[in-house]
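Residue numbering for the sequence shown follows the working numbering, beginning at 1 and increasing consecutively. For each residue, glycine too, the CB sits at the ideal point set by N, CA and C. To start, the structure under review is shown below, and the notes come after it.
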Amino acid sequence: MGSAGRKSFIERLKTALLLGMGGRSRRRKYREKGRTEFDILRAHDFLRSVLQHSHDMIFVTDVHGFLVSFNKGGEQALGYTQEEIVGRLLKEFAQDSQELLRLLEDSRTQSSAVGMDFSFLHKEGYPVYFNLSLIDLKNADGKSIGTVGICHDITRWKKLEENLIRVDRLAEMGRIAAGVAHELNNPLAVISEAAGWGAVVAKDAKGLGNEDREELEKVFNDVIEQTRRCRSRTKQVLGFARDSEPTKKEIDIHELLKETVAFLSPELKYKQIDILYQFAEGQLILKSDPKQLEQVFVNLLTNAIYAIKEKGEGKGQITLHTSASDTDAEIRVSDTGTGMNEEVRAKIFDLFFTTKPTGKGTGLGLPICHNIVKKLGGEMTCDSRLGEGTTFTIRIPLA
Ligand SMILES: Nc1ncnc2c1ncn2[C@@H]1O[C@H](COP(=O)(O)OP(=O)(O)OP(=O)(O)O)[C@@H](O)[C@H]1O
Ligand SMILES: [Mg+2]
């Protein structure tokens, strides 16, 4: 509604409410103009019905701020029934009661309605955002007798706005991370080459005892392994930052899962974590993007390893379960780690949500996984029990 439209609507509303609140002088005026009382009452009922059923929240308070009327739109928006709310002070429902009192004061000194963003609290405690217009009601002597509030629910827009801010933050972070990843990739390649060459030299070196040779070879292999890990992480970041379109290739999911486990095997061994394979028989062939799926499995396994370590039992188990229907492949990754409570579980796919201490987690792993699985046409869900463990289920179309 444009401001002119809104204004005339508000004028009509004032008239209707004054009639409803016993504005005798107005009734007389109408009669004088030749309107029958029947017409007026009909118009009044009609307007009252419109107000009652409006999707906007509309309330009326007396001059002290006590609610005298509250429509169905309000019941829906705030979760209270009329009986629960009428007779109580409006400010009890405001997220910022001081701000509301200031706005009410403004509406009395300014002739026009005050329109601004304001949040009231839902019965369950969370804020509901509105665009709020307050109209001061005056009697025939020009004395304030109450306030009418028209509140248009803008929670959806607020959420969109918050998401946009987050996406913006992510894009910025993506740019920074991509820059760092790019810078790291070249030295990592050099380190990897040098370590490979070092291992060859150590193998052939004369004058080295067997023990020393083995020790040196192990050190170089560790460097190669860890560099490979770092390069894979930098590639993940670059892939996400570029948001590359998935490629489609025939892959055996069982093979890919085993490769991912092999990639993380030093960490699994160190933390005494057993991998239990519960694979569907034979191969499980998918037409999908192996690199992106590998990222998903690495992220899920890394989280599982962390959760098992956090539980502090000194050892644990990760189960990899696969099955296939006519259309989809299903992969389940279950761990015997800490598990999560419902509050945490509800937020795990939110960007930057992490319960890990600074430096240990960025809260990007699962949103990246979720994004990849969605791009591959699949879906990803999570079941978790605090103290018992967590299962992530991924379903991906076979073709
Ligand atoms: N297997 C799991 N067991 C228990 N909690 C988990 C598990 N996987 C994820 N979580 C919870 O979900 C949160 C978000 O996970 P996510 O992978 O997105 O970020 P992160 O692991 O905290 O950081 P990052 O992956 O960016 O290093 C974790 O901080 C943790 O609280
Ligand atoms: Mg993670």
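When DSSP assignments are scanned along the segment 281–319, the uninterrupted stretches of alpha helix (DSSP H) that are 4 or more residues long and fall wholly within it turn out to be 290–311. Looking at Glu388, Pro187 and Arg213, the one whose alpha-carbon comes closest to that of Thr227 is Pro187. With the criterion CB distance below 5 Å from any heavy atom of ligand 2, the matching residues run Asn303 and Gly365 along the chain.
Minimum Cα-Cα distance from Thr327 among the listed residues Gly179, Gly198, Leu286 and Leu268 corresponds to Leu286.
Between Leu300 and Val333, the CB-CB gap stays under 8 Å.
Contact between the segment 50–61 and the segment 146–161 is present: three or more C-beta pairs spanning the two stretches fall below 8 Å. For Leu264, the three-state secondary structure derived from DSSP is coil. Residue burial is scored here from C-beta neighbours: Gln295 has at least 16 other C-beta atoms within 10 angstroms and is therefore classed as buried. Among the bridge pairs identified by DSSP, Ala94 is matched with Phe120. Contact between the segment 267–284 and the segment 346–354 is absent: fewer than three C-beta pairs spanning the two stretches fall below 8 Å.
Taking all protein chains shown into account, Phe352 has fewer than 16 neighbouring C-beta atoms within 10 Å of its C-beta and is therefore exposed. In this structure, DSSP gives Thr327 a state outside helix and strand, which the three-state scheme calls coil.
Annotated as proximal: Gln95 and Leu121, with beta-carbon spacing under 8 Å. In this structure, Ile348 has its CB closer than 7 Å to one or more heavy atoms of ligand 1. Look at Phe66 here: in three-state DSSP terms it is strand. With fewer than 16 other Cβ atoms inside 10 Å of its own Cβ, Ser49 counts as exposed. Looking only at Val237, Leu67, Asp62 and Thr381, the smallest Cα-Cα distance to Gly174 is reached by Val237.
Of the candidates Asn131, Glu162 and Arg108, Arg108 places its Cα closest to the Cα of Lys138. By a beta-carbon distance limit of 8 Å, Ala199 contacts Phe220. Their separation comes to about 4 Å. Between ligand 1 and Asn371, a heavy atom-to-CB distance of less than 7 Å is absent. Set against 7 Å, the gap from the CB of Lys143 to the closest heavy atom of ligand 1 is not smaller.
Boundaries of the beta strand (DSSP E) around Lys249: Lys249 to Asp252. Within its own chain, the residues whose Cβ lies closer than 6 Å to the Cβ of Ile331, once the five positions on either side in sequence are excluded, are Thr322 and Ile394, listed in chain order.
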